[in-house]
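*Asks:* Numbering (this note's numbering), first residue to last: 2 to 381. Using N, Cα and C, we set each Cβ at its ideal position, and we do this for glycine too. Source: prediction; values computed, not measured.
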Amino acid sequence: MQNLLVLGSTGSIGRNTLDIVSRTKEFNVVGLSCKSNIDELSRQIEKFKPKYVCVEDSNLAAVVRERFKDITVFEKEEGLIELVSLESVDFVVNAIVGSAGLSPTYYTLKNSKKLALANKESLVVAGRLLKKIANDNGIEIVPIDSEHSAIYQCLEGKKKEEIEKLILTASGGPFLDKDFTSATVEDALSHPNWDMGKKITIDSATMMNKGFEIIEARWLFDIKSIEVVIHPESIIHSAVEFVDGSIIAQIADHDMRIPIAYALFKPKRVSLPFKISLSDVGKLTFRKPEFGRFPTLEFAFEALRKEEKNLGLILNVADEIAVESFLKEKIKFVDIFRILEISLEKFEDNLPSEIDGIKEMLRDIKVKVLELLKDRFWRS
Ligand SMILES: NC(=O)c1ccc[n+]([C@@H]2O[C@H](COP(=O)([O-])OP(=O)(O)OC[C@H]3O[C@@H](n4cnc5c(N)ncnc54)[C@H](OP(=O)(O)O)[C@@H]3O)[C@@H](O)[C@H]2O)c1
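1) Going along the chain, which residues of its own chain have a beta-carbon closer than 6 Å to the beta-carbon of S100, five neighbours each way excluded?
2) Ordered along the chain, which non-local residues of its own chain (more than five positions away) have a Cβ less than 7 Å from that of F300?
3) Taking K48 as the reference, which of V22, K375, C55 has the closest Cα?
4) Quick one: does the C-beta of M208 sit closer than 6 Å to a heavy atom of ligand 1?
5) Quick check: G9 and A96, are their CB atoms within less than 7 Å of each other?
6) Taking 6 Å as the cut-off, is the beta-carbon of A262 closer than that to any non-hydrogen atom of ligand 1?
7) Closest to L156 by CA distance: which of V241, D178, K115 is it?
8) From I237 to S59, what does the alpha carbon distance come to, in whole angstroms?
9) Could you give the first and the last residue of the continuous beta strand (DSSP E) run that contains I248?
10) Taking H238 as part of the beta strand (DSSP E), name the residues at either end of that continuous run.
11) So I142 packs on L221, CB below 8 Å; how close in whole Å?
12) Could I get the ranges of all uninterrupted beta strand (DSSP E) runs contained in the stretch 80–150, with 3 residues as the minimum, in chain order?
13) So, at 6 Å on beta carbons, what are the nonlocal neighbours of L116 in its own chain, with the 5 sequence-adjacent residues on each side left out?
14) Near R68, what residues of its chain come up, given a Cβ to Cβ distance below 7 Å and the 5 sequence neighbours on each side ignored?
15) Are there any heavy atoms of ligand 1 lying less than 6 Å away from the beta-carbon of G12, as far as the coordinates show?
16) Check whether the Cβ atoms of I366 and F378 lie closer than 7 Å to each other.
17) Within its chain, find whatever has a CB closer than 6 Å to the CB of I356; leave out the 5 residues flanking it on each side and keep chain order.
18) Is it right to say T207 is buried, meaning 16 or more other beta carbons lie within 10 angstroms of its own, or is it exposed?
19) Tell me the rounded alpha-carbon separation between D20 and R258.
20) Just the Cα atoms here: how many angstroms apart are F181 and D336?
21) Rounded to whole angstroms, what's the CA-CA distance from E395 to A319? Just pull it up for me.
22) Using the Cβ count rule (16 or more neighbours within 10 Å means buried), how would you classify G158?
23) List the endpoints of the continuous alpha helix (DSSP H) containing K200.
24) Give me the Cβ distance between E217 and L124, rounded to the nearest whole Å; I'm assuming they're in contact under 8 Å.
25) Can you give me the Cβ contacts of A264 inside the same chain, cut-off strictly under 6 Å, excluding the 5 residues immediately before and after it?
26) Under the assumption that I39 contacts V65 (Cβ atoms under 8 Å), give the Cβ distance between them as a whole number of angstroms.
27) List the whole-angstrom C-beta distance separating N120 from G139, where the pair is believed to meet the contact cut-off of C-beta under 8 Å.
28) Have a look at F275, K331, I168 and flag the residue whose alpha-carbon is nearest the alpha-carbon of I227.
29) Classify S172 as buried or exposed, calling it buried when 16 or more other Cβ atoms lie within 10 Å of its own Cβ.
30) By alpha-carbon positions, which one of Q3, S235, I164, V90 ends up nearest to W195?
31) On a Cα-Cα basis, can you pick out the residue from V85, E162, I82, I46 that is closest to I72?
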């Protein structure tokens with residue numbers, strides 16, 4: 002039995018991971034973490050009986066300590082680092098949202114633990130460094146994102162020189178065929194196919210999520226030839242084109258428990274009740290993305306072209322702040338694109354090669370983007 006740590010266990014991916022874990026007897030949950038949702042965390046503690054938890058908020062960590070006297074409660078980012086460094090941990094699922102996931106990804110790899118990664122932001126911010134640590138320590142970063150899980154499965158047993166390009170599919174989000182000039186928060190949160198956390202749902206509406214996935218794919222698979230194809234049915238999760246013109250794709254229902262289970266059990270396939278019938282699906286459609294309406298895709302390709310720069314980091318920080326401001330109705334939906342564009346223009350720099358330098362740059366860019374929003378975008 003492997004000792005599993007689920008970071009971000011109270012979120013959408015975290016809860017789905019625990020659902021998969023509870024269907025089998027192959028994992029012992031030794032640790033869980035959240036930011037502030039201690040009620041959900043408490044339910045999970047009762048059910049999975051972990052020895053350790055981490056709560057980002059110190060006051061709420063104290064409440065959990067009072068509630069559960071027999072477990073160790075860590076707090077803040079330092080607590081996450083302690084958790085992933087515990088000798089008893091074999092396998093880490095990182096399902097934290099945002100750049101807060103960077104340190105736990107880094108120290109999981111540093112400590113040579115197995116890693117299933119949902120936190121794409123880690124790779125967007127520091128892909129080169131994380132891949133280097135993973136390679137140095139002989140650790141594979143196994144993706145949870147459905148697109149990257151699909152590509153991972155299509156690539157099994159294939160050689161790099163056989164690959165023509167990676168094909169990332171995208172549903173197109175709620176604004177595929179709809180005007181978004183005066184989109185409300187509710188409009189942007191209405192994803193046609195997937196039920197996800199709020200941040201990634203808004204990122205799907207702007208297509209910044211697909212942009213992040215382009216950067217994530219580049220680092221996971223060490224391939225820069227990447228095409229994005231709009232596929233509104235979200236049944237083909239992504240594909241790989243080979244040099245002989247063949248395309249291999251992975252097809253499944255849109256339920257994140259399928260790629261999560263694959264990341265946990267690969268190469269074994271476990272029995273799950275989420276089946277689709279191709280004859281019921283009937284028709285699958287594909288089209289090119291509208292780069293003009295969704296400049297976020299071009300921002301990501303620009304980050305790939307200049308990968309010694311910090312453009313992935315800027316996109317990530319600016320997007321986190323812009324999305325949070327949009328959810329609080331401080332800015333308009335269309336402002337998100339403009340904030341990303343201005344941030345890329347104003348804050349371009351070289352990316353440090355070490356973790357402390359990258360973390361410092363994250364803090365610095367955050368301050369600068371917040372100033373930009375306060376000065377030019379926030380509505381009083
Ligand atoms: N949801 C999906 O279907 C999906 C698909 C592919 C990839 N992903 C990726 O998976 C990751 C998680 O997404 P999600 O949709 O599951 O997000 P979510 O539902 O918002 O959950 C995020 C989790 O992270 C915790 N968290 C938030 N901020 C934190 C911080 N500063 N420090 C420590 N923990 C923090 C949250 O705790 P609280 O609950 O206490 O706030 C929660 O447990 C993201 O990187 C996303 O891009 C998600």
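*Replies:* The short version:
1) Hits under 6 Å: E122, V126, N317, L363.
2) Same-chain partners within the cutoff: G212, L316, L341, L345.
3) Nearest option by C-alpha distance: V22.
4) M208: no, Cβ never under 6 Å from ligand 1.
5) Yes. Within cutoff.
6) A distance criterion of 6 Å places the beta-carbon of A262 beyond contact range of ligand 1, judged by its closest non-hydrogen atom.
7) The candidate whose alpha carbon is nearest that of L156 is V241.
8) Cα-Cα distance, rounded: 42 Å.
9) Secondary structure note for I248: its beta strand (DSSP E) is the uninterrupted segment 248–252.
10) Here the beta strand (DSSP E) through H238 covers 237–243.
11) Correct: roughly 6 Å between the Cβ atoms.
12) Considered as a whole, the stretch 80–150 harbours 92–95, 115–118, 142–144 as its complete beta strand (DSSP E) runs of no fewer than 3 residues, in chain order.
13) Within the same chain, Cβ atoms closer than 6 Å to the Cβ of L116 are found at V93, T109, I142, the five residues on either side in sequence being excluded.
14) Correct list, in chain order: S43.
15) G12 has its Cβ nearer than 6 Å to a heavy atom of ligand 1.
16) No, these two residues do not count as a Cβ contact at 7 Å.
17) Result list for I356: Y107, in chain order.
18) Per the 10 Å Cβ criterion, buried.
19) When rounded, the distance between both Cα atoms is 8 Å.
20) Taking the CA atoms as reference points, F181 sits about 11 Å from D336.
21) Outside the shown range of the chain (2 to 381) lies residue 395, about which nothing can therefore be said.
22) So G158 ends up on the exposed side.
23) Secondary structure note for K200: its alpha helix (DSSP H) is the uninterrupted segment 199–207.
24) In this structure, E217 and L124 form a Cβ contact; the two beta carbons are roughly 5 Å apart against a cut-off of 8 Å.
25) Leaving aside the five residues that flank A264 on each side, the residues in its chain whose CB is nearer than 6 Å to its CB run, in chain order, A117, V143, I145.
26) Taking the Cβ atoms as the reference, I39 lies roughly 5 Å from V65, within the contact range of under 8 Å.
27) Not really, about 21 Å apart at Cβ, beyond 8 Å.
28) For I227, the nearest C-alpha among the options comes from I168.
29) With 16 or more other Cβ atoms within 10 Å, it is buried.
30) Here the closest residue by C-alpha is S235.
31) Of all alpha-carbon atoms in V85, E162, I82, I46, the one lying nearest the alpha-carbon of I72 is that of I46.
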